[in-house]
Each structure stands twice: as C-alpha cells, then as structure tokens.
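There are 2 protein chains.
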Amino acid sequence: MFNNRNMNSDSLCDCGVIHEDVVNRVRKAMPDNESLYNLANLYKLFADNTRLKILWALSCETMCVCDLAVLLGMTKSAISHQLKSLRLCNFVKYEKTGKVVYYSLTDEHVRNIFKIGFEHIYTDTEIQ
Amino acid sequence: MFNNRNMNSDSLCDCGVIHEDVVNRVRKAMPDNESLYNLANLYKLFADNTRLKILWALSCETMCVCDLAVLLGMTKSAISHQLKSLRLCNFVKYEKTGKVVYYSLTDEHVRNIFKIGFEHIYTDTEIQ
DNA sequence: TATATAGTTGAACACATGTTCAACTATATT
DNA sequence: AATATAGTTGAACATGTGTTCAACTATATA
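In order, the protein sequences belong to chains A and B.
The opening residue of the first sequence carries number 541 in our numbering; numbering runs sequentially from there.
The opening residue of the second sequence carries number 541 in our numbering; numbering runs sequentially from there.
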C-alpha cells in the first residue's frame, strides 16, 4: 500500500501543448502533490474487496478478529493484516478485553464514503 | 483493474466463532457480493495518482489528451489508457472535434467523492 | 506450570496493474 | 497522394500488494 509510481516530473512529453492556457489554469487549481497522494491512499483502503467488507461489517456492529474471519471465510492472519492498514489510517479503532480485540469504526466518515459510492453505482449503470 | 482475489467461500476458518449472533446479524445486513464488488471497483478508480489527477483536472475544465499529458508530464499513451478505464465506468465522457478528443466529467459524482475524501484527510491527520 | 486460544507479525509467493514501446487509425494540411 | 499530428491499442515489463505460512506474544484456564 501507499506507494507512488514514478511521475517523471521534469517532463519531456511526446506532444505539443494544444491549449496552453487551459493547462496553466488547471495547474494552478490543482491541490499540492501531498494532498493528492493522501487522497489516493484513502481511496485505496476502499478499493479492495476484503477491506471493503470489513469496513461494511464494522459499520454494522463492533466485531472481534475471529468474527470477521468467520464472516468473510478467511484466516485471522489475513484479517489482521488488513485491520492494521485500516488502523494506520484512522478508519478503525480497537479495544482489548482479555484475549479478544474488538474493532469498530472511528467515526462517520466510512459510512459517508459508502453512501456517495452507492449513489454513483445506482445512478448510471443498471437499474436507473 | 477489476479483478477479484480468491475469496475461498466454502470456508474452513482457523478459529471458533466468538459471537455467532453478531456474525449472523451482520451477514444479513451485508449487501450482495456484486454490489460490493462494483463498489470496490469504483473506489479503485480514485486510488491511483494518475487517475486522481486526471479526474481533478477534468473537474476544473474540459481537456484533450495532449493537455492532460502535458499537465501530468506523461505520455499520451499512459493518459489514454487511464481515460479508457474512466470511460468504462461512466466517470468521463468525450467528444471528438477533428483530430482532437475532448474529455470532461459525466456528472457531479466525482466532485462529491473528492469532497468527502478531503473531509476525512483534514479532520483527523495533520492540522489540529 | 502447562496448555489452549486470540491475535500479530515478517517473509515468501502469486497475482494485479500502471507505464512504456511500437504499431496502428483517423483527421488535417501541404 | 504524402506527411504530420491526435489519439488508441495490445503486449511486455516492472512494480505493487493481498494472502498464506510459520513463528511469535499475550491472556485465560486447567
């Protein structure tokens, strides 16, 4: 996770600029590279089936690692690795009680992102 | 893009269920696999730096492939490949005028998704 | 103290994917 | 008709990344 591909910033490009004014205006309007990098990393967390299911499950109820493993039919190890990514980005928090670690969502952001995502899916493709 | 990893659905898991009632409730509340799969694919489009920049640029102005290539310092080929993915998911539309192909956003969904994303980034990490 | 279970971790592996390259189409210009 | 430019496409390549496996820690129980 969280790796950039090489962006070749001092760029010789294989084309003449068609609309230099447009390019200049947009260049000024673009967020800085760090913000865009962080934003891409945020979406990466939702871009994997396993993590997406974990997030959805936690948006329903607090669950321990075993619960999630059984729900998704995967090993505790696989789940734990993904939970680590989600923890590092502040999407989930956890609480240890005896041997069991309970995970839950940190805040409402995840639910909001789900909502917006579903809106797109169900607006233009099937159904409509 | 758009490949699923093996989900091992008829699962022997290496753990006993801790809270079977929780698992059952959540299982019922989960969207069907196809919806989650589509949702993950949607977020994948935002999860790459190049595509993210293209989308942001197009959220500012209509641009041709050359404009985008110069803006991002990449080859037309690289840009074109990414635009194809964005087209297939109905995020961008295009119009050909002579030799030039102009791309723009299909609707407001992209801007909405950006907005929600930035909200998360600037709420819990840096700043405050 | 010995054993069992919940969970984490790092390395290895296999697969997914973004970029490059070369060849191609389509339109415009000479 | 020949040439130049905008853009697309498929294959090859290199890199990124999710899962597995084995070893480990921590807590609870016998």
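Think of the CB as a built atom: it goes at the ideal place given N, C-alpha and C, for glycine as much as any other residue.
> Name the DSSP beta bridge partners of A:M603, please?
Replying inline: Walking along the first sequence from the start, residue 603 of chain A turns up at place 63. Answer is A:Y643.
> Which two residues bound the contiguous beta strand (DSSP E) that contains B:V632?
Replying inline: Taking the first residue of the second sequence as position 1, residue 632 of chain B is located at position 92. Looking at the DSSP string, the run of the beta strand (DSSP E) that includes B:V632 is 632-637.
> When the Cβ atoms of the region 566-573 of chain A are set against those of the region 585-601 of chain B, are three or more pairs found closer than 8 Å?
Replying inline: Below 8 Å, enough C-beta pairs join the region 566-573 of chain A and the region 585-601 of chain B to call them touching: three or more.
>> Under 9 Å, Cβ to Cβ, is there at least one residue of chain B near A:D572?
In response: If you number the first sequence from 1, residue 572 of chain A lands on position 32. Cβ-Cβ to chain B under 9 Å: no for A:D572.
> Whose CA, out of A:K624, A:L576, A:Y643, lies closest to the CA of A:K633?
Replying inline: Within the first sequence, the letter at position 93 stands for residue 633 of chain A. Looking at the Cα atoms, A:Y643 is the closest of the given residues.
> Under 8 Å Cβ-Cβ, which residues of chain B neighbour A:R565?
Replying inline: Counting from one through the first sequence, the residue named residue 565 of chain A turns up at place 25. One finds C600, E601 in chain B with Cβ atoms closer than 8 Å to the Cβ of A:R565, taken in chain order.
> Anyone know if the C-beta pair for A:C606 and B:T615 falls short of 9 Å?
Replying inline: Position 66 of the first sequence, counting from 1, holds the residue named residue 606 of chain A. Position 75 of the second sequence, counting from 1, holds the residue named residue 615 of chain B. The answer is no: Cβ separation not under 9 Å.
> Using the beta-carbon count (16 or more within 10 Å), is B:Y583 buried or exposed?
Replying inline: Looking up residue 583 of chain B in the second sequence gives position 43. Label assigned to B:Y583: buried.
> For the alpha helix (DSSP H) that A:E560 lies in, which residues bound it at each end?
Replying inline: Indexing the first sequence from 1 puts residue 560 of chain A at position 20. Where A:E560 is concerned, the enclosing alpha helix (DSSP H) stretches over 560-569.
> If we cut at 9 Å on Cβ distances, does B:K593 have a partner in chain A?
Replying inline: Within the second sequence, residue 593 of chain B is the residue found at index 53, counting from 1. Answer yes: the Cβ-Cβ gap between B:K593 and chain A drops below 9 Å somewhere.
>> Considering only their Cβ atoms, is the gap separating B:L585 from A:K593 smaller than 9 Å?
In response: Taking the first sequence and counting its residues from 1, one reaches residue 593 of chain A at position 53. Taking the second sequence and counting its residues from 1, one reaches residue 585 of chain B at position 45. Cβ distance not < 9 Å, so A:K593 and B:L585 don't count as in contact.
>> Does the CB of B:K616 have a neighbour CB from chain A at under 9 Å?
In response: Here residue 616 of chain B refers to the residue found at position 76 of the second sequence. Using beta-carbon distances, B:K616 counts as an interface residue toward chain A, with a partner under 9 Å.
> Can you name the residues of chain A whose CB is closer than 7 Å to the CB of B:K624?
Replying inline: Along the second sequence, read from residue 1 onward, the residue named residue 624 of chain B stands at position 84. Neighbours of B:K624 on chain A: none; closest Cβ ~17 Å, over 7 Å.
> From this set, B:L612, B:C604, B:E574, which residue's C-alpha is nearest B:N589's C-alpha?
Replying inline: If you number the second sequence from 1, residue 589 of chain B lands on position 49. Per the Cα distances, B:L612.
> For the alpha helix (DSSP H) that contains A:E574, what are its first and last residues?
Replying inline: For the purposes of this step, residue 574 of chain A is identified with residue 34 of the first sequence, where counting begins at 1. Start and end: 573-586.
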